[in-house]
Structures are given as C-alpha cells and as structure tokens.
Amino acid sequence: MSSQVVNPRTTVLPPIRDQGPAMSQKTAIGQHFRHRAGAAMGMLGFCTSWAVSQHGQGPEWLQVVALDLPLPHLPEAWRGRRIVHLSDFHLSRTVSQAFLDCCIQRVNALDPDLVLLTGDYITYDPFGRFRKRLFTMLGRLRATHGVYACLGNHDYGLTGPGSGRCSFRLRDITCGLRKHGVVVLRNAARAVHLDGQALWLVGVGDLWAGDLRADRAFAKVPPQQPVIVLVHNPRAVDHFKDYVYGAVVSGHTHGRQIKWAGSGRYRRIRNRRYHAGLYDLDGGKLYVTRGLGRLGSLSFSARPEITVLRLI
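According to the numbering used here, the sequence shown is numbered sequentially starting from 5.
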C-alpha cells in the first residue's frame, strides 16, 4: 500500500574543537553571560509554551482546517456538502469542558451536513465523572444529517497496545452517546440518504483493542457506492485493503504531539507513517486530524483542530 512519505528532519551537531590556550578573564566573563542569557531565553520559551498549554488552549489556539475530499461514486446530491470531522476530545483535568464547549459552538456555527467523530472522548476517568459531562456536550452537536461516531482506545480503557480493556466503560460510553443522539458505528455501516441518494459510513472497532472487524463492518455495503470509513487509529488502514472505500478519517496521533513525560523528559506520540493531514492510499484517501484534546499537561507543536471536508 503506498502512502505519502514524510522525511524526518535531522540535526547534525558540529565536531568538538580544541579550545586552545586558556581564555582570558574577559572572554570567560563574556561566555558566562552568554550562557546565562541562553538559559534565560530557553526558560522563557518553556514558560511561554507552558502558559499556552495550560491556559491558551482556547478559541484563539483552535484551528479550522478546510479541504476538498474527492470521493469516488459520489452522487450529485452530495457534491459540495460539508462534513465536520472531530477526534480525541480527551475530556479530563487537563482538557477543560469550557474549551470543548467553545469547539462545539464553532462546529454548530459552521452548519455542517454531517459530523463524524473518531474516538477518545475521555482519557482515564475511572469513576465516570467526565463521561456524564461528555454526553451532554456531544448531545449539543448539530448537523443536518446527523452525528456519527466510532470509538478509540481510551474509550475501551486502553492506554496502549495490549493494556487491559474495560467492558463497563465501553458499554457506558456507547450507551451514553446513543442516548444523546450520536449514532455509534462499531463494526457496522449506515447509509445516509439525501434526495434518495446514499452516502455510506462504515465505523470499525479499535485496532489496539483487537476489536477491528472489517468483514463485519463492510458486509452490508453494496458495490459502486461512496464510502467513508471512521476509525480511530490510522494504522488500521492496512486492514481495509480487501475492501472498496473512498476515504478514511481518523485521529489518534495528535499530530505527533510532543508531551511531557515526567522527570524532565519529553516524548512524541509515535506513529511513523501517518502523522496528520491528507494521505494518498491505494484504496482511496486518508485524513488524520490532530484532534481537539491532548494527553498530559503539556502540549507542543500540534494545535487543536476542527476539520471541514467538502465532498467533491
């Protein structure tokens, strides 16, 4: 399967040179102050990033990304229609309801035809304190032809591949979303009709949870139809090579967000092939959103994103 190739940037450090004779006192003092100034600038940059991360994650930091999405077999009734794609809300102590409420208001102001959600609605939430707020919040989403969703690894209770799965949380989130008007597609498909012409939405289970059943999800989709697949983890596209689809929408990567890992360290959320943006696949297109929320208390390099896809 071919995909867009992203070449990582590398930094080559210069060789260490011999310092020669001992430097003068004046030179040593100058170097001392330069080092102090460099450290101060570094600390200023860190504090600025921290402030943006802690308090600046708001409407002014939110980015609306609009692009055209070509879809094979698209009927005339669906041409030019707009779909809003949201992912990775991560409602928690570090992603506030106030910020996400602003995101919902922005989406509703766009007056979309469809809203597609691709998982990770909460982070850990073992006692369910955030889930009730989440359901009410997502119930306020408005789209002419409905709100559709798949589930992410955190919705299963998984923090990584092979970690423990929580069936109660999965049921709770699924039922809560449905009670508030969100259609949850877990290894299932749904045709959305406009003027008698169908657009097929296929939602699959999470890859890390071992719940991805592409055969079941695609079973009822007729041939020669416009198909959009909802999946949380973009690496799941490897499981769709035997099926016909036009586009896949996903999240999970947070745009390879750099996050605070504790003990003075940072680490990237790893996904080597699909980080963020639009990719060409053998079967169709893949769009990976940076998502709305974050993991941990610090977030660099990845602005929260609302994606608007215009069907062409």
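Cβ coordinates follow ideal geometry from the N, Cα and C atoms, glycine included.
Please classify residue i: does DSSP put it in a helix, a strand, or coil?
| i | result |
| --- | --- |
| C170 | coil |
| R314 | strand |
| D284 | strand |
| L78 | coil |
| R135 | helix |
| T257 | coil |
| T98 | coil |
| T122 | strand |
| G60 | Unreliable placement is indicated for G60, whose pLDDT of 43 sits below 50; no coordinate value is reported for it. |
What do you get for residue i, buried or exposed, if any count of 16 or more other CB atoms within 10 angstroms of its CB means buried?
| i | result |
| --- | --- |
| G200 | exposed |
| F172 | exposed |
| D92 | buried |
| F131 | exposed |
| L90 | buried |
| H94 | buried |
| T148 | exposed |
| G156 | buried |
| I316 | exposed |
| D219 | exposed |
| P74 | exposed |
| G84 | exposed |
| H236 | buried |
| K183 | exposed |
| H197 | exposed |
| R294 | buried |
Say yes only if the C-beta of residue i is nearer than 7 angstroms to one or more non-hydrogen atoms of the ligand FMN, and no if none qualify.
| i | result |
| --- | --- |
| A221 | Although the ligand FMN was asked about, the structure shown includes no ligands whatsoever. |
Using a Cβ-Cβ distance cut-off of 8 angstroms, determine whether residue i contacts chain C.
| i | result |
| --- | --- |
| I232 | Looking at the structure shown, chain C is missing, and only one protein chain is on hand. |
I'd like the span of the alpha helix (DSSP H) that includes residue i, first residue to last.
| i | result |
| --- | --- |
| R110 | 101 to 114 |
Compute the Euclidean distance between the alpha carbons of residue i and residue j, then round it to the nearest angstrom.
| i | j | result |
| --- | --- | --- |
| V206 | R217 | 11 angstroms |
| P79 | V233 | 17 angstroms |
| R314 | T127 | 30 angstroms |
| V68 | I310 | 5 angstroms |
| L181 | F139 | 6 angstroms |
| G297 | V99 | 6 angstroms |
| P230 | R86 | 15 angstroms |
| V241 | Q109 | 31 angstroms |
| S267 | D159 | Confidence in S267 is poor, its pLDDT being 38 and thus under 50, which makes the residue's placement unreliable; the coordinate value appears in the next sentence. Approximately 28 angstroms, taken between the alpha carbons. |
| R146 | L121 | 13 angstroms |
| A102 | N112 | 16 angstroms |
Would you mind reading off the limits of the beta strand (DSSP E) that contains residue i?
| i | result |
| --- | --- |
| S254 | 251 to 254 |
| R83 | Note, R83: premise wrong, no beta strand (DSSP E); not H, not E. |
| Y278 | No beta strand (DSSP E) contains Y278, which DSSP labels as neither H nor E. |
| A3 | An answer regarding residue 3 cannot be provided, because it is not within the stretch 5 to 316 covered by the chain. |
| Y291 | 289 to 292 |
Whole beta strand (DSSP E) runs in the segment 143 to 206 with 3 or more residues, listed along the chain? 151 to 154, 186 to 188, 192 to 198
Which runs of the alpha helix (DSSP H) spanning at least 4 residues fall entirely within the segment 214 to 245, listed in chain order? 218 to 222
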